[in-house]
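Have a look at the structure below before the remarks.
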Amino acid sequence: MKKIPKKKSFKTPEGYFEGVTDRILDRIKDDPSLSLPEADGFKVPDGYFDQVPGEIVSKLDDSETPVIQLKSYRKYFYVAASIAAIFVIVIGLQWNKSQNLSFEDLASADITSYFETQELGLSSYEIAEVLPVDDIKMNDFMETDVDDENIMEYLEGSIDDLDELNIDFNEEYQ
Amino acid sequence: MIAEETLVRELKQKETQAKAFEVLINTYKERLYWHIRRIVLNHDDADDVLQNTFIKVFRNIDGFKGDSKLYSWMYRIGTNEALTFLKTKSRKLGVNSDELIERTANNLEADVYFEGDTIQLKLQKAIATLPEKQKLVFNMKYFEEMKYAEISEILDTSVGGLKASYHLAVKKIEHYLEKN
C-alpha cells in the first residue's frame with residue numbers, strides 16, 4: 181500500500197490556540213443571554229474569617245496526642261519482642277515450606293472490598309486505562325454467566341428477523 | 046508581608062511555631078477558603094475542609110522541602126482534602142462525587158450563603174456538570190485568575206493539558222448555557 185505521509189495538511193493561524201479560549205469567553209460575555217458573571221455568588225457568615233484562625237488553633241490543641249511514658253516497660257518489651265521474633269521466624273520457616281502466597285490466593289471478595297473501602301483517587305476511566313483487556317471476557321464482568329445459547333434465545337425472543345443481524349455461524353472473524 | 050522562606054523556617058522551629066502558624070492562617074485563609082468553597086459549594090463543608098487543611102499543613106510542615114512554593118503546596122493539600130471530603134460524603138449518601146455536586150448545585154437557591162443571581166446560579170450548575178479536572182481548572186483560571194504555571198504546580202499537570210481542560214470546560218459551559 182502506498183504510504184500516506186503523516187505530515188498535517190491543515191494548519192491554524194499563528195497563536196490561534198493561545199487566544200481561542202479567551203475569545204469564546206469574550207463572546208459569552210458579549211452575548212446578554214449568555215453573559216458570564218465575574219463573581220460566583222457565594223458568601224460567608226458575618227465575621228467568619230476573623231473567628232476561623234482561633235477555631236483552627238483550638239482544634240489543634242484539642243487533638244494533640246498525649247505523650248505516654250513507656251520507659252519503665254522497656255525491659256518487658258525486649259523479652260516479649262524476643263519471644264515474638266522466635267515465633268515469627270519459626271512460623272515463617274514453616275509457612276515457606278508449605279506454600280508461597282501470591283495474588284491469586286486473594287479471595288475476589290477481599291479485592292472487591294478493598295476497592296470499595298479504599299480511597300483510590302482513580303476514576304473508572306483511569307482504571308480502564310491501566311486494566312489489561314486482552315484476557316478479559318464478557319462473563320468476567322457479569323454476576324451470572326451468559327453463554328451463546330442464552331444470547332441466541334434472547335435474540336430470537338426480541339428481534340423480529342434474526343437474519344437481519346447477518347450472524348455468520350461458521351466463519352471465524354479475522 | 047513576611048517572606049515565605051522566613052515563615053517556613055519559623056513554622057519548623059518550636060519557639061516561633063505558634064505565632065508563625067497564626068500568620069500563615071491569616072495570610073492564606075481567604076484564598077484557600079474560596080478555592081475549597083468552589084469545590085464543595087457548601088459553606089459548612091468548606092469550613093470543615095479549610096480547618097482540616099490548615100491542621101494537615103501544620104502537622105506536615107517538617108516534610109515541606111521547599112521544592113514548590115508554600116502556597117502551591119497548601120493549595121494541593123486543600124484540593125486533595127476537598128476531593129477526599131466529597132468522596133467520603135458521597136459514599137455515605139450512596140452516590141458518587143459528581144452526583145453529589147450536581148445535587149448540591151441544583152439546591153443552591155436554598156443555600157442561605159449563596160446570593161448569586163439567575164446567571165450566577167446557572168453558571169454554577171453548568172460547572173457542576175464538568176468532569177472533576179475541568180471543574181478545578183475552570184474555577185482556578187476563571188474565578189481565582191491563576192496562571193497556568195501556578196495551576197500546573199498545584200495539580201501536577203502539564204500547562205498544555207491544563208489549556209486543553211480549560212478550553213473544553215469553556216466549550217461545555219457555553220453549550221450548557223445555550224441549552225438551558
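Residue numbers (the numbering used here), protein chains in the order written: chain P, 181 to 354; chain A, 46 to 225. Each residue gets a CB set at the ideal place from its N, CA and C atoms; glycine is no exception.
Beta-carbon contacts of residue i that lie in its chain and below 6 Å, excluding the five residues immediately before and after
i, result
"A:Ile-146", "Ala-173"
"P:Asp-340", "none"
"A:Tyr-158", "His-88"
Contacts of residue i in chain A (Cβ-Cβ under 9 Å)
i, result
"P:Glu-235", "Asp-92 and Gln-96"
"P:Ala-219", "Gly-161, Gln-165 and Phe-188"
Cα-Cα separation, residue i to residue j
i, j, result
"P:Asp-328", "A:Thr-133", "41 Å"
"A:Val-85", "A:Ala-91", "6 Å"
"A:Phe-66", "A:Leu-56", "6 Å"
"A:Asn-97", "A:Lys-192", "26 Å"
"P:Pro-233", "A:Val-102", "14 Å"
"P:Ala-308", "A:Ser-197", "25 Å"
"A:Tyr-221", "A:Asn-152", "18 Å"
"A:Thr-61", "A:Asn-71", "16 Å"
"A:Asn-125", "A:Arg-104", "16 Å"
"A:Lys-74", "A:Arg-148", "27 Å"
"P:Gly-221", "A:Asp-162", "7 Å"
"A:Thr-51", "P:Tyr-256", "45 Å"
"A:Gly-206", "A:Asn-184", "16 Å"
"A:Gln-165", "P:Gly-337", "51 Å"
"A:Ile-81", "A:Leu-95", "7 Å"
"A:Ile-218", "A:Arg-54", "43 Å"
"A:Lys-186", "A:Lys-59", "37 Å"
"P:Ile-316", "A:Gly-111", "45 Å"
"A:Lys-167", "P:Glu-235", "34 Å"
"A:Lys-170", "P:Leu-286", "43 Å"
"A:Phe-109", "A:Ala-127", "20 Å"
"P:Ser-238", "P:Glu-296", "34 Å"
"A:Ile-122", "P:Glu-194", "38 Å"
"A:His-212", "A:Val-182", "10 Å"
"A:Asn-141", "P:Asp-325", "28 Å"
"P:Leu-216", "A:Gly-139", "33 Å"
"P:Ala-264", "P:Tyr-258", "10 Å"
"A:Arg-76", "P:Leu-273", "57 Å"
"A:Glu-223", "A:Asp-107", "50 Å"
"A:Phe-130", "A:Glu-154", "22 Å"
"A:Ile-100", "P:Leu-240", "7 Å"
"A:Asp-93", "P:Val-268", "44 Å"
"A:Arg-83", "A:Ser-113", "23 Å"
"A:Leu-115", "P:Phe-229", "21 Å"
"P:Met-322", "P:Tyr-334", "16 Å"
"A:Glu-49", "P:Val-224", "28 Å"
"P:Ile-356", "P:Ala-260", "Because chain P spans 181 through 354 in this model, residue 356 of chain P falls outside it and cannot be assessed."
"P:Tyr-294", "P:Gly-227", "43 Å"
"A:Ser-135", "A:Asp-143", "9 Å"
For residue i: DSSP bridge partner residues
i, result
"P:Phe-222", "A:Phe-159"
Chain-order list of residues whose beta-carbon lies under 8 Å from that of residue i (same chain, five-residue window excluded)
i, result
"A:Lys-178", "Leu-200, Thr-202 and Ser-210"
"P:Ser-189", "For P:Ser-189, the predicted structure reports a pLDDT of 48, less than 50, and the residue's modelled location is therefore unreliable. The matter cannot be settled from this model."
"A:Ser-117", "Glu-195, Glu-198 and Ile-199"
"A:Gln-175", "Correcting the residue type first, residue 175 of chain A is Leu in the shown sequence and not Gln. Answer for A:Leu-175: Phe-183, Ala-214, Lys-217 and Ile-218, listed in chain order."
"A:Trp-79", "Phe-188 and Glu-189"
Chain P contact residues for residue i, given Cβ-Cβ distances below 8 Å
i, result
"A:Glu-154", "What A:Glu-154 touches in chain P: nothing, since even the nearest Cβ is about 11 Å away."
"A:Gln-169", "Asp-220 and Gly-221"
"A:Ile-106", "Within 8 Å Cβ-Cβ: nothing; A:Ile-106 doesn't reach chain P, min ~12 Å."
"A:Phe-109", "Here the premise fails: no neighbours, minimum Cβ distance about 17 Å."
"A:Lys-74", "Phe-229, Val-232 and Pro-233"
"A:Glu-67", "Pro-233 and Val-237"
"A:Arg-83", "Asp-220 and Phe-222"
Under 9 Å by beta carbon: chain P residues contacting residue i
i, result
"A:His-88", "Phe-222, Lys-223, Val-224, Pro-225 and Tyr-228"
"A:Ile-100", "Ile-236, Lys-239, Leu-240 and Ser-243"
"A:Tyr-158", "Phe-222, Lys-223, Val-224 and Pro-225"
"A:Arg-121", "Under the 9 Å cutoff, chain P gives no residues; its nearest Cβ is about 13 Å from A:Arg-121."
"A:Arg-148", "Here the premise fails: no neighbours, minimum Cβ distance about 17 Å."
Cβ of residue i within 9 Å of any chain D Cβ
i, result
"P:Val-232", "Among the chains of the structure shown, chain D does not appear; the protein chains present are P and A."
Any non-hydrogen atom of the ligand MN within 8 Å of residue i CB
i, result
"A:Tyr-193", "Inclusion of the ligand MN in the displayed structure is not the case, the ligand content being empty and no account of it being possible."
Cutoff 7 Å; reference residue i; Cβ partners in own chain excluding five residues on either side
i, result
"P:Gln-354", "Confidence at P:Gln-354 is low in this model, with a pLDDT of 44, below 50, so the placement of that residue should be treated as unreliable; the coordinate-derived value is given next. Hits under 7 Å: none found."
"A:Val-204", "Tyr-193, Ala-194 and Ser-197"
"A:Lys-180", "Ile-172"
Within chain A, partners of residue i - CB distance below 7 Å
i, result
"P:Leu-216", "Leu-168"
Contacts that residue i makes with chain P (C-beta to C-beta distance below 7 Å)
i, result
"A:Asn-71", "Pro-233"
"A:Phe-103", "Leu-240"
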